Ligand SMILES: Nc1ncnc2c1ncn2[C@@H]1O[C@H](COP(=O)(O)OP(=O)(O)OP(=O)(O)O)[C@@H](O)[C@H]1O
């Protein structure tokens with residue numbers, strides 16, 4: 001938590017000093033009110049003894065009390081306002097940093113933290129930290145200053161009467177410390193359980209259709225109930241323990257009042273408290289109120305000691321994210337990719353191992369792809385096709401070997417430069433809420449309407465977009481849920497085309513298209529991508545058999561590189577796949 005304070009802005013500090021100054025004044029005036037009260041009781045006593053009216057003096061005292069109370073209220077409002085400003089601004093700043101940090105994460109860090117935990121850390125944990133910062137600013141000064149000043153005052157008035165208050169302080173500190181020992185470890189658990197709950201809820205909501213289709217609501221329900229019950233149980237324990245504080249506090253406070261009254265009565269009887277019994281009563285009342293203020297101050301302090309660790313758990317979770325250096329990062333002295341006409345991409349003996357895995361999923365992959373070429377990856381499921389293409393935009397960095405674009409290692413260039421050269425079309429057509437225009441402009445922010453229409457036409461998306469009531473401005477729901485899988489894929493392809501990149505990566509991006517649209521799209525793409533390199537991952541032989549290079553993968557190794565014709569002739573793995581999908585005639589005709 002303390003480490004997060006390094007994200008404090010400079011102007012918080014003068015404001016914190018201002019809070020401290022205001023608090024010092026407020027404590028003095030608040031305690032002065034108690035002295036005024038004693039004064040009024042003494043005046044009443046004086047009126048009784050002397051028979052002279054003290055109304056004017058009492059009114060004067062009352063008016064002064066009113067003025068002081070108003071000042072105290074004003075200070076409270078100011079302190080609350082300043083602390084809220086600091087808290088809100090700090091958290092806004094922190095949230096932005098967290099967002100930027102997560103944006104810079106590679107898939108490795110995302111997998112390490114888990115999306116659900118990153119969401120909890122960016123929301124729930126941030127709120128906890130905000131609460132604690134505001135609470136600290138409001139109470140961390142008030143409570144100790146009040147306690148110290150009030151203790152000084154009561155010792156000054158009467159040491160014997162101070163004894164019950166001293167004992168009560170001890171009891172309260174002991175009581176709260178015991179609860180603290182039990183409760184603190186639970187805070188950390190509560191946050192982790194909130195992560196789990198978030199994950200199950202998220203999975204259940206995103207996979208709602210699958211759950212329904214498999215009639216698995218019961219199964220999912222029991223999974224949810226388990227994490228929900230666990231979280232509720234822990235929360236209940238925390239709350240029950242905390243709730244024990246209140247009755248305990250009341251007991252101690254009432255005990256103090258009783259003890260002070262009893263001791264004061266004895267002292268008054270012995271005539272050792274004040275010059276007359278009424279002054280004794282005034283002192284006793286003053287003591288009781290001081291006692292309550294001191295105990296409240298201690299309770300607040302100890303509550304802070306309980307709440308701060310809770311915020312600290314959240315602070316630590318946020319700091320973990322902020323303090324993680326992404327494995328994929330920009331070089332200190334970035335090179336630029338030579339802007340040559342004919343782009344060239346080279347895999348040099350690339351090996352790749354997923355973080356935490358024992359074995360490489362890709363081994364010794366080498367090939368060169370040139371401008372205008374289509375390079376296809378094919379292989380059984382799990383053979384490493386997606387992994388290979390994820391290395392090109394540096395979703396992960398290679399474990400061994402290198403990938404070069406125009407002779408420059410992609411790790412030596414800025415990621416933004418690299419990504420400017422790449423048009424990536426994921427397997428799952430992912431659209432963002434907004435409209436078609438806003439989705440296409442993710443590819444090119446300043447794209448004109450003509451450019452958008454051209455891209456939609458190439459991607460075979462123009463017709464269905466124009467059929468929509470608002471055409472280019474047709475609404476896109478979250479995740480593109482109001483479009484079919486094939487339509488989503490075509491819009492994603494249009495989004496990449498509009499960028500006119502040097503390198504296209506199609507990760508099984510034609511899988512949701514019917515054969516006719518698939519063929520039309522690839523014909524239109526051919527012209528558009530004639531100066532680019534096209535990487536295609538596909539399951540269908542039909543989609544890739546015209547590629548200039550087909551790389552056949554088997555358990556992470558390139559077991560064949562060549563054209564359809566060459567591979568069909570002498571590559572066993574390729575033959576098996578090809579003959580399982582198309583007839584001999586289809587395959588041989590296609591290759592001509
Ligand atoms: N994030 C990950 N962490 C660890 N292992 C992974 C991860 N992603 C994939 N793998 C493993 O790497 C291997 C290759 O996976 P990859 O997704 O590249 O295969 P693929 O050929 O694209 O499969 P498919 O055709 O089914 O999409 C698989 O054994 C898979 O279990």
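In UniProt numbering, the protein residues as written are 1 to 592.
Cβ atoms here follow ideal geometry from the backbone N, Cα and C, with glycine treated the same way.
Everything numeric in this text was worked out from a predicted model, so none of it was measured.
message = Does the distance between the C-beta of residue 539 and the nearest non-hydrogen atom of ligand 1 fall short of 8 Å?
response = Between ligand 1 and the CB of residue 539, the shortest heavy atom gap is smaller than 8 Å.
Cutoff 7 Å; reference residue 75; Cβ partners in own chain excluding five residues on either side = If the five residues before and after residue 75 are omitted, its C-beta is found closer than 7 Å to the C-beta atoms of 22, 25 and 26, all from its own chain and listed in chain order.
ask   = Nearest-angstrom Cα distance between residue 166 and residue 151?
value = Residue 166 and residue 151 have their C-alpha atoms spaced approximately 9 Å apart.
ask   = Can the beta-carbon of residue 396 be found less than 9 Å from the beta-carbon of residue 78?
value = Not closer than 9 Å, so no.
ask   = Whose CA, out of 509, 454, 477 and 540, lies closest to the CA of residue 498?
value = The shortest C-alpha separation from residue 498 is found at 454.
inquiry  = If I measure Cβ to Cβ from residue 299 and keep anything under 8 Å in the same chain, skipping five residues before and after, which residues do I get?
reply    = Excluding residues within five positions, the ones whose Cβ falls inside 8 Å are 172, 176, 245 and 249.
ask   = How is residue 591 classed by DSSP in three states: helix, strand or coil?
value = Any answer about residue 591 is weak, because its pLDDT of 44 lies below 50 and its placement is not dependable; what the coordinates show is given next. In the three-state reduction of the DSSP assignment, residue 591 falls in the coil class.
task = Assign residue 402 to one of three DSSP states: helix, strand, or coil.
result = Reduced to three states, the DSSP call for residue 402 is strand.
Residue interval of the beta strand (DSSP E) (run including residue 363) = First-last of the beta strand (DSSP E) with residue 363: 362-370.
query = By DSSP, does residue 602 sit in helix, in strand, or in coil?
reply = Residue 602 cannot be examined here, being either before or after the span of the chain that is shown, 1 to 592.
message = ligand 1 and residue 103: does any heavy atom of the ligand fall closer than 8 Å to the residue's C-beta?
response = Residue 103 Cβ: outside cutoff for every heavy atom of ligand 1.
request  = Give the range of the beta strand (DSSP E) segment to which residue 376 is assigned.
outcome  = From DSSP, the beta strand (DSSP E) with residue 376 extends over 374-379.
key: Three-way DSSP call (helix, strand, coil) for residue 343 in this model   = Of the three classes helix, strand and coil, the one that applies to residue 343 here is coil, per DSSP.
task = Assign residue 532 to buried or exposed, taking buried as 16 or more other Cβ atoms, counted over all protein chains shown, within 10 Å of its Cβ.
result = Residue 532 is buried by the Cβ-count criterion.
ask   = Which residues share a DSSP beta bridge with residue 17?
value = Looking at the DSSP assignment, residue 17 forms no beta bridge with any residue, so it has no partner.
key: Unbroken stretches of the alpha helix (DSSP H), 4 residues or longer, contained in the stretch 523-568   = Secondary structure in the stretch 523-568: the alpha helix (DSSP H) runs of 4 residues or longer, each lying completely within the stretch, are 541-544 in chain order.
query = When burial is assigned at 16 or more other CB atoms within 10 Å of the CB, is residue 311 buried or exposed?
reply = Counting Cβ neighbours within 10 Å, residue 311 comes out buried, since at least 16 surround it.
CB-CB length for residue 490 against residue 447, believed under 8 Å = Between residue 447 and residue 490 the Cβ distance is about 17 Å, and since that is not below 8 Å, they are no contact.
inquiry  = Which residues does DSSP list as the beta-bridge partners of residue 506?
reply    = Beta bridge pairing from DSSP links residue 506 with 425 and 536.
Segments assigned beta strand (DSSP E), at least 3 residues, entirely inside the stretch 33-111 = Qualifying beta strand (DSSP E) stretches: none in this window.
key: For residue 351: DSSP bridge partner residues   = BP columns for residue 351 point to 400.
task = Please classify residue 564: is it buried, with 16 or more other beta-carbons within 10 angstroms of its beta-carbon, or exposed?
result = Buried, since its Cβ has 16 or more Cβ neighbours within 10 Å.
ask   = By a C-beta neighbour count over all protein chains shown, 10 Å radius and 16 as the cutoff for buried, is residue 323 buried or exposed?
value = Residue 323 should be labelled exposed.
Within 9 Å, strictly: CB atoms of residue 388 and residue 410 = Cβ atoms of residue 388 and residue 410: not closer than 9 Å.
inquiry  = At a cut-off of 8 Å, would you count residue 509 as near ligand 1, judging by its Cβ distance to the nearest heavy atom?
reply    = Outside the cutoff, so no.
message = Tell me the residue span of the alpha helix (DSSP H) that contains residue 10.
response = That residue, residue 10, is in no alpha helix (DSSP H); it is neither H nor E in DSSP.
Closest residue to residue 536 among 95, 379, 575 and 80 (Cα-Cα distance) = For the residues 95, 379, 575 and 80, the minimum Cα distance to residue 536 belongs to 379.
query = Does the Cβ of residue 508 have 16 or more other Cβ atoms within 10 Å, making it buried, or fewer, making it exposed?
reply = Buried: at least 16 other Cβ atoms inside 10 Å.
request  = Please name the residue or residues paired with residue 335 in a DSSP beta bridge.
outcome  = Under DSSP, residue 335 takes part in a beta bridge, and its partners are 413.
query = Just to confirm, does residue 427 get its C-beta within under 8 Å of one of the non-hydrogen atoms of ligand 1?
reply = At least one heavy atom of ligand 1 is nearer than 8 Å to the Cβ of residue 427, so yes.
request  = Could you tell me the boundaries of the alpha helix (DSSP H) in which residue 470 lies?
outcome  = Element bounds for residue 470: n/a, residue is neither H nor E.
inquiry  = Between the alpha carbons of residue 425 and residue 96, how many angstroms are there, rounded?
reply    = Each residue's CA atom was taken as its position, placing residue 425 and residue 96 some 28 Å apart.
query = Is it right to say residue 319 is buried, meaning 16 or more other beta carbons lie within 10 angstroms of its own, or is it exposed?
reply = Residue 319 comes out buried.
key: C-beta atoms of residue 654 and residue 362 nearer than 9 Å   = This structure cannot speak to residue 654, because the chain is shown only from 1 to 592.
ask   = Which whole-angstrom value describes the C-beta separation of residue 200 and residue 223, a residue pair presumed to lie in contact below a C-beta threshold of 8 Å?
value = Yes, residue 200 and residue 223 are in contact; Cβ-Cβ is about 6 Å, under 8 Å.
ask   = Can you tell me whether DSSP reads residue 356 as helix, strand or coil?
value = Coil, per DSSP.
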